[in-house]
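Heads up: the sequence shown begins at 1 in the UniProt record's numbering, then just goes up one per residue. Don't be surprised by glycine CBs; every beta carbon is placed ideally from N, CA and C. Computed from a prediction, not measured in an experiment: that's the story for all the values here. Shown next, in structure tokens, is the structure this report addresses.
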Amino acid sequence: MLVCICFGAPILLLPLINFVSVRSWWDWHISSLGLVLSLGLTGTITNVVKICVGRPRPDLIDRCQPVPGSVNAPIYGLSNHTICTQTDNYILNDGFRSFPSGHSSLSFAGLGFLSLYLAGKLHLFDKRGHTGKSWLAAGPLVGAALTAVSRTMDNRHHWQDVTTGSILGITIAFFSYRQFYPALSSATSHKPFSPRIARDMPALPTHRREISESRVPLTGGLRPGYPAGPSRGSSPSPPRQYSIPVNAGPYAPPADNRVQRQNPFEDAPSRTPIPGNDEEPVTTYAPPMKAAS
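This is the structure in structure tokens:
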């Protein structure tokens, strides 16, 4: 029965919701992976904690079936399994696996994932307010809560076991959902993330960024045909400026329309006569500018 609740119902409803909303094979594949991830993580953590904690169930006495007339030991009032007449070891050992509740954690892991999937497809958190959609998305959570409460009614778990298991299940369900889908408040919450490996297939209506390959950076980097910069320790050369034609390709070599700059490091001696003086003209010399090393 637990398998039908936590796995059977979601695995049947996920493709149905997909068919009436986005109709995407990729979305069906991703939703199934998310459901399996949620149940797998929850089941593993629940069973490990059950075995490590070893808390007795409320019905442990009924499972043990002690010898009629048995009383507590005179020292500390403790007894061991030797007073039990139960022949099925599985039933007896399962009586010490109360915390946390496996039914509660797995129900919220499976039906909680289904509830998040519905909320994303319905855009429940788009800041507009939806009463009918809220009831529809909360339906799976109500079913999970009824399953959890029933474990205390039949004395299979304590209330602490049920509460902890429910929190564990819904937390892992949210974690698994966010591995494959954007936030519920996103404008594309109904679309899964795109594949990590691009394939030769038509574009899917997925949640990804479009990058134009026709953009050519005008600064930075090296292109074929362009000289590399000076090595370390050599004097810097004057900067070059290139103008790239509009109709040139991304790796077109520079055309003949370079901007030529005058070299400012040339020697410029000159003889300047002093007006109004009969003496010989004075020779002035402008020393050359040296590049910074």
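Fewer than three pairs of CB atoms, one per stretch, sit closer than 8 Å, so the segment 103–116 makes no contact with the segment 75–85. Of 95, 150, 196 and 179, the smallest CA-CA separation from residue 57 is found for 95.
DSSP places residue 195 outside both helix and strand once states are collapsed to three, so it counts as coil. For residue 91 and residue 27, the gap between their C-alpha atoms comes out near 42 Å. Within 10 angstroms of the beta-carbon of residue 14 lie 16 or more other beta-carbons, which makes it buried. Within the segment 90–177, the alpha helix (DSSP H) runs of at least 4 residues that lie entirely inside it are, in chain order, 102–122 and 131–153.
When secondary structure is reduced to three states using DSSP, residue 74 falls in the coil class, being assigned neither helix nor strand.
Assigned with DSSP and collapsed to three states, residue 66 falls in strand.
Pairing residue 105 with residue 143, the inter-Cα distance amounts to about 13 Å. Of all alpha-carbon atoms in 103, 170 and 30, the one lying nearest the alpha-carbon of residue 150 is that of 103. Within the same chain, 144, 166, 169 and 170 come within 6 Å of residue 108 by CB-CB distance, once the 5 residues on both sides are set aside. Residue range 9–21 is occupied by the alpha helix (DSSP H) that includes residue 19. For residue 44, the enclosing alpha helix (DSSP H) starts and ends at 25–53. For residue 173, the closest alpha carbon among the candidates 37, 7 and 29 is that of 37. A direct Cα-Cα distance of roughly 11 Å separates residue 88 from residue 65. Residue 46 and residue 70 have their C-alpha atoms some 34 Å from each other.
Contact between residue 120 and residue 184 holds: CB atoms are separated by about 6 Å, below the 8 Å threshold.
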